[in-house]
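> Each residue of the sequence shown is one higher than the one before, counting from 1 in the UniProt record's numbering.
For each residue, glycine too, the CB sits at the ideal point set by N, CA and C.
This one's a predicted model, so the numbers in the text were calculated from it and none came from an experiment.
Sharing a structure, written as structure tokens. Questions coming.
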Amino acid sequence: MSSQGPHSDKNCKGTFREKLLIIGSNLGVEDVEHLKFLCIGLVPHKKLEKSSSASDVFEHLLAEDLLSDSDPFFLAELLYIIGQKKLLQYLNYTKEKVEQLLPAQRRVSLFRNLLYEVSEGIDKEKLKDMIFLLGDLLPKTEMTSLGLLAFLEKQDKIDEDNLTYLEDLCKMVVPNLLRNIEKYKREKATQIGIPPVDKEAESLYQGEEELFSQTEVKTFLEALPGAAVYRMNRKHRGHCVIVNNYSFTSLRDRRGTYKDAEILKRVFNWLGFRVCTYNNVTRGHMEKVLQEQKCNPDHVNGDCFVFCILTHGKFGAVYSSDEALIPIREIMSHFTALQCPGLAEKPKLFFIQACQGDEIQPSVSIEADALNPEQQPASLQGILQDSIPVEADFLLGLATVPGYVSFRDVQEGSWYIQSLCNRLKTLVPRREDILSILTAVNNDVSRRADKQGTKKQMPQPAFTLRKKLVFPVPLDALSL
1 MSSQGPHSDK
11 NCKGTFREKL
21 LIIGSNLGVE
31 DVEHLKFLCI
41 GLVPHKKLEK
51 SSSASDVFEH
61 LLAEDLLSDS
71 DPFFLAELLY
81 IIGQKKLLQY
91 LNYTKEKVEQ
101 LLPAQRRVSL
111 FRNLLYEVSE
121 GIDKEKLKDM
131 IFLLGDLLPK
141 TEMTSLGLLA
151 FLEKQDKIDE
161 DNLTYLEDLC
171 KMVVPNLLRN
181 IEKYKREKAT
191 QIGIPPVDKE
201 AESLYQGEEE
211 LFSQTEVKTF
221 LEALPGAAVY
231 RMNRKHRGHC
241 VIVNNYSFTS
251 LRDRRGTYKD
261 AEILKRVFNW
271 LGFRVCTYNN
281 VTRGHMEKVL
291 QEQKCNPDHV
301 NGDCFVFCIL
311 THGKFGAVYS
321 SDEALIPIRE
331 IMSHFTALQC
341 PGLAEKPKLF
351 FIQACQGDEI
361 QPSVSIEADA
371 LNPEQQPASL
381 QGILQDSIPV
391 EADFLLGLAT
401 VPGYVSFRDV
411 QEGSWYIQSL
421 CNRLKTLVPR
431 REDILSILTA
441 VNNDVSRRAD
451 KQGTKKQMPQ
461 PAFTLRKKLV
471 FPVPLDALSL
């Protein structure tokens with residue numbers, strides 16, 4: 001999502017590059033070094049080393065899609081951090097506007113921000129004392145406080161999870177900076193901590209028995225090391241692919257599926273994903289889509305990957321529009337770390353709206369996306385385990401358990417997808433993780449029934465996630 005500042009005033013006219021040139025002309029050599037330091041980890045190190053001016057830095061930000069006329073917020077964040085707040089006007093921002101947007105849209109990590117703050121608190125005399133204490137560890141060259149911290153980081157003496165070396169140094173020379181380190185630790189703990197569930201949300205998880213209870217989800221989350229969360233601050237949120245099959249060779253048309261495709265697109269766009277929808281996908285087209293996504297170089301700069309399939313299906317597989325049966329595992333296997341290195345150690349979410357059994361007669365306004373509910377497979381968990389790759393960082397959300405139908409309202413869309421999108425809309429702003437959201441979806445769908453009250457449905461998640469997945473709260477509200 002783009003970050004738009006206030007409307008331009010009379011003093012800030014001109015092309016975007018002209019504005020960048022004006023900003024650069026107001027920045028000194030020290031400011032440029034500060035910008036380069038804050039961009040570490042976001043811009044390739046070799047490019048930063050060769051940058052000698054603000055224009056060089058800006059050119060790299062443009063090339064890395066970190067800066068554009070429509071989304072200049074990252075540069076506004078940098079100017080805000082280095083204290084050049086007057087220059088924000090050239091990007092159509094104010095200090096107050098940046099402060100308002102920072103919690104949701106910051107790109108500079110808490111750790112890099114801490115090092116910058118610490119460097120600003122080390123004057124020339126204190127720097128001399130630190131250099132004296134470190135002795136032969138340092139190269140025999142002139143060094144700034146920021147250069148000293150960058151060197152310690154490069155030598156693996158300090159990192160975002162280990163500040164002991166820096167703390168010991170500050171205790172000896174500038175003990176007042178220990179407050180900054182403690183503040184960083186609190187903010188980092190808050191950033192990765194498990195958010196409390198309020199009473200209203202908690203009530204969502206009570207009632208009928210679920211395949212994953214809220215207690216089980218909590219136990220799983222608490223067992224994760226350090227309540228770790230997946231990183232969600234790269235250049236973009238990631239790609240979301242929607243395969244939407246309406247018509248088939250001989251199977252019934254899936255009326256209402258476009259409602260699902262539409263709401264999925266709106267919700268994942270809102271969450272910051274780049275959404276691409278494919279309609280009536282044949283087996284050959286599906287393979288082409290999978291190959292394109294597997295080889296997409298843009299995954300390197302994304303946080304996450306989402307693949308949604310809306311179609312007919314049966315045990316552990318889904319139908320293409322030309323009625324080829326494609327195993328779910330085959331689809332997911334394209335995105336393992338070996339096959340798709342750009343998504344390694346990143347969450348990969350697959351949501352399947354399709355039956356996992358034989359087709360049944362629909363009621364007046366509800367249709368099934370699957371086959372005979374009485375014909376269960378020998379092992380429900382076996383089907384699930386066969387579907388999901390034996391590798392970390394996958395989540396498979398099935399609209400129904402294997403052997404059962406999933407239902408779709410011909411006017412309003414499917415029970416599962418509609419609930420999923422509505423729960424993302426309401427629970428992401430509460431900072432709920434994806435497993436808690438899916439538990440709420442289970443509860444929603446399990447309480448629904450057809451007009452005769454005889455047909456019900458229970459979704460089924462399976463996952464190998466290693467961390468909590470919490471989507472950043474979008475700046476704008478979503479109306480569904």
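Determine which residues share a DSSP beta bridge with residue 353 and list them.
On the sequence shown, residue 353 is found 353 positions in, with the first residue counted as 1. Residue 353 pairs with 310.
> Which residue spans inside the UniProt domain "DED" (110 to 183) form an unbroken beta strand (DSSP E) run of at least 3?
Listed in chain order, nothing qualifies, since the UniProt domain "DED" (110 to 183) has no complete beta strand (DSSP E) run of 3 or more residues.
> Tell me which residue opens and which closes the alpha helix (DSSP H) that residue 434 is part of.
Translated into the one-based positions of the sequence shown, residue 434 becomes position 434. 434 to 446 is the extent of the alpha helix (DSSP H) around residue 434.
> Can you give the Cα-Cα distance for residue 346 and residue 125, rounded to whole angstroms?
Residue numbering aside, residue 346 sits at position 346 when the sequence shown is read from its first letter. Residue numbering aside, residue 125 sits at position 125 when the sequence shown is read from its first letter. Between residue 346 and residue 125, the C-alpha separation is close to 44 angstroms.
> Please state whether DSSP places residue 481 in a helix, a strand or coil.
Only positions 1 to 480 of the chain appear in the structure, and residue 481 is not among them; the question remains open.
> Nearest to residue 308 by CA position, among 436, 55, 28 and 395, is which residue?
Within the sequence shown, the letter at position 308 stands for residue 308. Looking at the Cα atoms, 395 is the closest of the given residues.
> What does the alpha-carbon distance come out to for the pair residue 107 and residue 323?
Within the sequence shown, numbered from 1, the residue matching residue 107 stands at position 107. Within the sequence shown, numbered from 1, the residue matching residue 323 stands at position 323. Distance between the alpha carbons of residue 107 and residue 323: 45 angstroms.
> How do the stretch 98 to 118 and the stretch 129 to 144 stand: do at least 3 beta-carbon pairs fall below 8 angstroms, yes or no?
Result no; under three Cβ-Cβ pairs closer than 8 angstroms.
> Please list, in chain order, all residues of the same chain as residue 158 whose beta carbon is under 6 angstroms from its beta carbon, the five residues on each side excluded.
Within the sequence shown, residue 158 is the residue found at index 158, counting from 1. Answer for residue 158: 152, 165 and 166, listed in chain order.
> Contact between the stretch 169 to 182 and the stretch 84 to 102 is defined here as three or more beta-carbon pairs at a separation below 8 angstroms; is this criterion met?
The stretch 169 to 182 is not in contact with the stretch 84 to 102.
> For residue 133, count the other beta carbons within 10 Å of its own beta carbon; 16 or more makes it buried, fewer makes it exposed. Which is it?
Along the sequence shown, one-based indexing puts residue 133 at 133. So residue 133 ends up on the exposed side.
> Note down the Cα distance separating residue 248 from residue 258, rounded to an integer number of angstroms.
Here residue 248 corresponds to residue number 248 of the sequence shown, with the count starting at 1. Here residue 258 corresponds to residue number 258 of the sequence shown, with the count starting at 1. Looking at the two C-alpha atoms, the distance is approximately 15 angstroms.
> With a cut-off of 8 angstroms on the beta carbons, I'd call residue 423 and residue 440 a contact; round off their distance for me.
Your numbering for residue 423 matches position 423 in the sequence shown. Your numbering for residue 440 matches position 440 in the sequence shown. Between residue 440 and residue 423 the Cβ distance is about 5 angstroms, and since that is below 8 angstroms, they are a contact.
> Beta-carbon separation of residue 277 and residue 242 under 8 angstroms?
Translated into positions along the sequence shown, residue 277 becomes position 277. Translated into positions along the sequence shown, residue 242 becomes position 242. Yes, these two residues count as a Cβ contact at 8 angstroms.
> Pop quiz: residue 235 and residue 343 are said to be a contact at Cβ under 8 angstroms. What is the actual Cβ separation, rounded to whole angstroms?
Against the sequence shown, residue 235 aligns to sequence position 235. Against the sequence shown, residue 343 aligns to sequence position 343. That belief does not hold up - the Cβ atoms of residue 235 and residue 343 are roughly 15 angstroms apart, past 8 angstroms.
> Within 10 angstroms of the Cβ of residue 214, are there 16 or more other Cβ atoms? Answer buried if so, exposed if not.
Counted from its first residue, the sequence shown places residue 214 at position 214. Any reading at residue 214 must be qualified, since the residue scores a pLDDT of 49, below 50, and its modelled position is unreliable; no value is offered.
> Along the chain, where does the beta strand (DSSP E) containing residue 417 start, and where does it finish?
Along the sequence shown, one-based indexing puts residue 417 at 417. It is not in any beta strand (DSSP E) - residue 417 instead sits in the alpha helix (DSSP H) that spans 415 to 427.
> Provide the residue span of the alpha helix (DSSP H) that contains residue 328, from first to last.
Translated into the one-based positions of the sequence shown, residue 328 becomes position 328. Residues 328 to 332.
> Kindly list the residues whose CB is nearer than 7 angstroms to the CB of residue 69, restricted to its own chain and excluding five residues on each side of it in sequence; keep chain order.
Locating residue 69 in the sequence shown gives position 69, counting from the first residue. The residues are 16.
> Please list the terminal residues of the continuous beta strand (DSSP E) segment that includes residue 277.
The sequence position of residue 277 within the sequence shown is 277, counting from 1. Element bounds for residue 277: 274 to 279.
> Out of curiosity, what's the CA-to-CA distance linking residue 348 and residue 183?
Against the sequence shown, residue 348 aligns to sequence position 348. Against the sequence shown, residue 183 aligns to sequence position 183. So the two alpha carbons sit approximately 33 angstroms from each other.
> What does a CB cutoff of less than 6 angstroms around residue 240 pick up in its chain, not counting 5 residues either side in sequence?
The count along the sequence shown starts at 1 and reaches residue 240 at position 240. If we look at residue 240 and ignore the five residues flanking it on each side, its Cβ neighbours are 268, 273, 275 and 306.
> DSSP has residue 462 in a bridge; who is on the other side?
Here residue 462 refers to the residue found at position 462 when the sequence shown is read from its first residue. Looking at the DSSP assignment, residue 462 forms a beta bridge with 396.
> Residue range of the beta strand (DSSP E) that residue 267 falls in?
Counting from 1 along the sequence shown, the entry for residue 267 is found at position 267. Careful: residue 267 lies outside any beta strand (DSSP E), inside the alpha helix (DSSP H) at 257 to 270.
> Go to residue 32, then tell me how far its beta strand (DSSP E) extends in each direction, as first and last residue.
As a working note, residue 32 is residue 32 in the sequence shown. Note, residue 32: premise wrong, no beta strand (DSSP E); alpha helix (DSSP H) at 29 to 38.
> Since residue 318 is in the beta strand (DSSP E), which residue starts that stretch and which ends it?
Here residue 318 corresponds to residue number 318 of the sequence shown, with the count starting at 1. 317 to 319 is the span of the beta strand (DSSP E), which, as asked, contains residue 318.
> Would you please state the rounded distance, in angstroms, between the beta carbons of residue 353 and residue 310? I believe it to be under 8 angstroms.
As a first step, residue 353 is located in the sequence shown; it is residue number 353 there, counting from the start. As a first step, residue 310 is located in the sequence shown; it is residue number 310 there, counting from the start. About 5 angstroms; that satisfies the 8 angstroms criterion.
> In angstroms, rounded to a whole number, what distance separates the CA positions of residue 100 and residue 35?
Taking the first residue of the sequence shown as position 1, residue 100 is located at position 100. Taking the first residue of the sequence shown as position 1, residue 35 is located at position 35. Their backbone Cα atoms lie some 21 angstroms apart in a straight line.
> Per DSSP, what kind of secondary structure is residue 65 in: helix, strand or coil?
Residue numbering aside, residue 65 sits at position 65 when the sequence shown is read from its first letter. Residue 65: coil per DSSP, three-state reduction.
> Check this for me: beta carbons of residue 180 and residue 114, under 8 angstroms apart or not?
As a first step, residue 180 is located in the sequence shown; it is residue number 180 there, counting from the start. As a first step, residue 114 is located in the sequence shown; it is residue number 114 there, counting from the start. Against a cut-off of 8 angstroms, the Cβ pair of residue 114 and residue 180 comes out as a contact.
> What does a CB cutoff of less than 6 angstroms around residue 54 pick up in its chain, not counting 5 residues either side in sequence?
On the sequence shown, residue 54 is found 54 positions in, with the first residue counted as 1. Taken in chain order, the residues that qualify are 24, 27 and 32.
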